[in-house]
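What follows is a short report on a single structure.
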Amino acid sequence: MAYLLIYVDDIILTTSNDSLRATLIHQLAAEFDMKDLGPLSHFLGINVTRQHDTMFLSQQSYALDIIDRAGMSSCKSVATPVDTKSKLSASSSDPFEYPTLYRSLAGALQYLTFTRPDISYAVQQVCMHMHSPRIDHWNSLKRIIRYLQGTTSFGLTLGAFRDLSLRTYTDADWAGCPDTRRSTSGYCAVVSRSSAEAEYRGVANVVAELCWIRNLLLELRRPLRKASVVYCDNISAVYLSGNPVQHQRTKHIELDIHFVRDLVQRGDVRILHIPSRYQIADIFTKGLPRVLFDDFRSSLSIRPPLASTAGV
31 MAYLLIYVDD
41 IILTTSNDSL
51 RATLIHQLAA
61 EFDMKDLGPL
71 SHFLGINVTR
81 QHDTMFLSQQ
91 SYALDIIDRA
101 GMSSCKSVAT
111 PVDTKSKLSA
121 SSSDPFEYPT
131 LYRSLAGALQ
141 YLTFTRPDIS
151 YAVQQVCMHM
161 HSPRIDHWNS
171 LKRIIRYLQG
181 TTSFGLTLGA
191 FRDLSLRTYT
201 DADWAGCPDT
211 RRSTSGYCAV
221 VSRSSAEAEY
231 RGVANVVAEL
241 CWIRNLLLEL
251 RRPLRKASVV
261 YCDNISAVYL
271 SGNPVQHQRT
281 KHIELDIHFV
291 RDLVQRGDVR
301 ILHIPSRYQI
311 ADIFTKGLPR
321 VLFDDFRSSL
331 SIRPPLASTA
341 GV
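Just so you know, we're using this note's numbering here: the sequence shown kicks off at 31 and counts up by one.
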């Protein structure tokens, strides 16, 4: 078995045994002008460190570059990337004097979320106002950078799993946008008539992503044998996902998101309720107190470097 991940002229190759890898590298080198750089250590700006059966993905150099571009190399750090106040408004303060700088830094922060999903919500908030940034928006962007200042070494830890299964968490902050009353979920912002609908749309989005991952694993010959579990903290949304009866209260919900019920009935997906205290997806939809934020960040496997690689 061999897998190739190709992005333009960068290739990652992994195989089920060393002899197969050597053969493929030899065959590729005979056809293309290429060089074997050895074990994976760097790919598209992401540093990779391996220790036994664990991989640590980091963009520390990239984060330090963002901090330097913002002129904040000596700034003091903060514990969280966003406060617990309401979401940013489009007209809460005067226009920011340097919109090009704002857009450049906001765009750079987007790429950092690959290995730092803990800043996803904060980055989403500042990116919503790139067309007309205000001073409040700039202050929020600077807070993200101050948070990075104290966590530049943090990255994403990936480990091996013997029992392959998928567990997901979905959440929506209903009508939280102060300008449009749109709801924020882990994937998009939509106008919803009720909190149950906002949560149910979040469930539908994450289930669509689950379907893609399940099909990808099937193509990689690692099919999932168990139903994928989706945790939601809204009881009404959990009920809607398993109720086959179309009643009056849900007639306004488009039919295309009711595919969740079909997958539940087929046994591919299970929608379960989870208390808000354990709803990890809250980190993607709202500002959290430090204790909760630290807990959820750890649950996402976002940590400092592995012990043997600290300081590298």
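Note that the Cβ used here is the ideal one computed from N, Cα and C, for glycine as well.
I'd like to know whether the C-beta atoms of residue i and residue j end up nearer to each other than 9 angstroms.
{"i": "LYS316", "j": "ASP193", "result": "no"}
{"i": "PRO305", "j": "PHE184", "result": "no"}
{"i": "VAL233", "j": "CYS262", "result": "yes"}
{"i": "THR200", "j": "ASN235", "result": "yes"}
{"i": "PHE314", "j": "SER150", "result": "yes"}
{"i": "ILE165", "j": "PHE126", "result": "yes"}
{"i": "LEU178", "j": "VAL156", "result": "no"}
{"i": "ARG291", "j": "ALA109", "result": "no"}
{"i": "ALA59", "j": "ASP66", "result": "yes"}
{"i": "SER348", "j": "ILE301", "result": "Here the chain comprises residues numbered 31 to 342, so residue 348 is not present and cannot be evaluated."}
Considering only residues of the same chain and omitting the five flanking positions on each side of residue i, which have a CB-CB separation below 7 angstroms?
{"i": "LYS256", "result": "SER195"}
{"i": "ASP83", "result": "GLY189, ALA190"}
{"i": "TYR37", "result": "LEU74"}
{"i": "HIS159", "result": "LEU118, ALA120, HIS167"}
{"i": "PRO253", "result": "LEU247"}
{"i": "GLN154", "result": "none"}
Taking the alpha carbon of residue i as the reference point, which residue from the options has its own alpha carbon closest?
{"i": "ALA93", "options": "GLY232, ALA311, ASP83, THR181", "result": "THR181"}
{"i": "ARG231", "options": "HIS288, ARG176, GLN89, SER331", "result": "HIS288"}
{"i": "SER46", "options": "ASP39, TYR33, TYR37, HIS56", "result": "TYR33"}
{"i": "GLY272", "options": "GLN57, VAL299, ALA311, PHE326", "result": "VAL299"}
{"i": "LEU186", "options": "LEU247, TYR177, SER331", "result": "SER331"}
{"i": "TYR269", "options": "TYR128, LEU254, ALA136, GLU229", "result": "GLU229"}
{"i": "HIS303", "options": "ILE243, ALA337, THR198, ASN245", "result": "THR198"}
{"i": "TYR128", "options": "ASP324, HIS167, ASP312", "result": "HIS167"}
{"i": "MET68", "options": "ALA60, ILE41, GLU61", "result": "According to the sequence provided, residue 68 is Gly. The question's Met does not apply to it. The option with the nearest alpha carbon to GLY68 is ILE41."}
{"i": "LEU336", "options": "LEU54, GLN81, HIS56", "result": "GLN81"}
{"i": "SER123", "options": "SER162, HIS56, SER328", "result": "SER162"}
Cutting at 6 angstroms between CB atoms, please list the residues of its own chain near residue i, excluding the five before and the five after it.
{"i": "SER71", "result": "VAL78"}
{"i": "SER258", "result": "LEU196, LEU240, VAL299"}
{"i": "MET102", "result": "ILE175"}
{"i": "VAL112", "result": "ALA152, GLY317"}
{"i": "ASP325", "result": "none"}
{"i": "LEU43", "result": "LEU34"}
Would you mind reading off the limits of the beta strand (DSSP E) that contains residue i?
{"i": "THR110", "result": "THR110 -> no beta strand (DSSP E), and no H or E assigned at all."}
{"i": "ASN77", "result": "76-81"}
{"i": "ASP40", "result": "40-45"}
{"i": "LEU330", "result": "LEU330 -> no beta strand (DSSP E), and no H or E assigned at all."}
Return the first residue and the last residue of the alpha helix (DSSP H) that residue i is part of.
{"i": "SER266", "result": "265-272"}
{"i": "VAL259", "result": "Where VAL259 is concerned, there is no enclosing alpha helix (DSSP H), although the beta strand (DSSP E) it sits in stretches over 258-262."}
{"i": "SER134", "result": "129-142"}
{"i": "PHE86", "result": "Per DSSP, PHE86 belongs to no alpha helix (DSSP H); it is in the beta strand (DSSP E), 84-88."}
{"i": "TYR177", "result": "165-179"}
At a threshold of 8 angstroms, does residue i count as lining the ligand HEM (C-beta to nearest heavy atom)?
{"i": "ILE55", "result": "Inclusion of the ligand HEM in the displayed structure is not the case, the ligand content being empty and no account of it being possible."}
Among residues of its own chain, excluding the 5 on either side of residue i, which ones have a beta-carbon nearer than 8 angstroms to its beta-carbon?
{"i": "ARG251", "result": "MET31"}
Should the region 116-133 be regarded as contacting the region 160-175, the criterion being three or more beta carbon pairs within less than 8 angstroms?
Taking 8 angstroms as the limit for Cβ pairs, the verdict is that the region 160-175 does touch the region 116-133.
Is it a yes or a no for the region 72-90 touching the region 145-158, going by three-plus beta-carbon pairs under 8 angstroms?
Short answer: they touch.
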